[in-house]
Amino acid sequence: MKVDWKGVFPAVTTKLKDDGSLDQDAIRHGLNRLIDNGVRGVVMMGMVGENAQLTPEEKRTVLRIAVETVAGRIPVISGLAETNTGSAVQFAKDAEAIGVQGLMVFPGLTYKSDVRETLAFYRTVARASKLAILVYNNPRGYGVDLTPDVMAELLEEPTIEAIKEESYDTTRVTDLTSRFGSRLAVVCGVDDLVLESVALGAQAWVSGMANAVPKESVDLLNLAVSGDFAKARELYRALIDLFHLDTHVKLVQYIKLAENITAGYPENVKAPRLKLEGEERQKVIAIVEKALANVRNLSK
């Protein structure tokens, strides 16, 4: 299956039991729920999916569950977040063998590579499999910026097809789309910049909060891509405080709590993260409930 980089691609949470082990039933149920609500692909084990906290075997188990559950209905994209090029290459090969359709490739973790090193890393990973590649650009989080000049060199690799743009600079969307056209799909990677990104040419969105509000996220993107910005703005404003939670250092806990409220899934996280407590927890609950009320009021 070729990946069509359009639509909502939730960065899927990894559901866990109280003891920290994988909740395989919840993972399967969650994937079916997302598909039923119209998402166009799923990204397993991105940062929201706690990639860095999972063991190598857990990562591969999550992918097997996803491939079996999705069963070809939509593309399955796997996050690839490794600390060295050798393990990244092995993971790419394993993911291809398991049957995913693409990789969302983080820069090498724990080391801020320079441009030469960054190019070498991505080229090596790209050549390790035939999978479609979505490169992950989050210079704030990882200290590596995949600028348009860097992308011009990376696009010599035919499997590099898309960029998850998370630089928080919307001019990047324009720069990338004007320079590379249809050769590069620009994917919004920040929930609270999705409307702005679509207005400038993005047609896909890797979203954290789509786990909690998949239908509303799909509706929002569809309205924007179709050009109905009046209705899109109304829905965006109703959800914006919820989307702001996606940019916080505790976004995993926030998204899992929101998903627990809207769908009942466990909010357990891998240590060193801890579940929210006290005033912080109540604040997030209030934001989620207010956003849901805002959406209900729109339909009246």
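Taken in order, the sequence shown gives residues 906 to 1205; the numbers are from this note's numbering.
C-beta: ideal position from N, C-alpha, C; glycine also.
The structure displayed is predicted, hence computed values, not measured ones.
Remark: three or more beta-carbon pairs, one from each stretch, lie closer than 8 Å, so the stretch 940-956 and the stretch 909-917 are flagged as touching. Ranked by Cα distance from residue 940, the options 969, 976, 962 are led by 976. Around the Cβ of residue 960, a 10 Å sphere holds fewer than 16 other Cβ atoms; the residue is exposed.
Distances from the CA of residue 925 to each of 1087, 1006, 963 were compared; the closest alpha carbon is that of 963. Distances from the alpha-carbon of residue 1068 to those of 971, 1170, 1185, 1010 put 1010 closest. Counting of Cβ neighbours within 10 angstroms places residue 1076 among the exposed residues, the total staying below 16. Rounded to whole angstroms, residue 1174 and residue 1116 show a C-alpha spacing of 15 Å.
For residue 914, the pairing in a beta bridge is given by DSSP as 1111. Straight-line spacing of the CA atoms in residue 932 and residue 958 works out to 17 Å. Bounds of the beta strand (DSSP E) holding residue 1068 are 1065-1070. Non-local C-beta neighbours of residue 968 in its own chain, meaning closer than 7 Å and more than five positions away in sequence, comprise 949, 983, 1000, 1003, 1005, ordered along the chain. Between the stretch 1043-1052 and the stretch 988-996 there are fewer than three C-beta pairs closer than 8 Å, too few to call the two in contact.
Contact check between the stretch 1155-1164 and the stretch 1123-1143: fewer than three CB pairs, one atom from each, fall below 8 Å, which does not count as touching.
The beta carbon of residue 1102 lies closer than 6 Å to those of 1078, 1093 in the same chain, with the five residues before and after it left out. The stretch 989-1054 contains, as complete alpha helix (DSSP H) runs of 4+ residues, the segments 990-1003, 1020-1031, 1044-1047 (chain order). Judged by DSSP in its simplified three-state form, residue 949 adopts strand.
Here residue 1012 is buried: its Cβ has 16 or more other Cβ atoms, across all protein chains shown, within 10 Å. For residue 1102, the enclosing alpha helix (DSSP H) covers residues 1099-1104. In this structure residue 1171 does not touch residue 930 by the C-beta definition: roughly 10 Å separates them, more than the 8 Å allowed.
Taking 7 Å as the cut-off, the beta carbon of residue 1030 is found closer than this to the beta carbon of residue 997.
Per DSSP, the continuous beta strand (DSSP E) segment holding residue 1091 begins and ends at 1090-1093. For residue 970, the enclosing alpha helix (DSSP H) stretches over residues 961-975.
For residue 936, the uninterrupted alpha helix (DSSP H) run begins and ends at 929-941, by DSSP. Separation of residue 1065 and residue 1081 (C-alpha to C-alpha, rounded to the nearest whole angstrom) is 14 Å.
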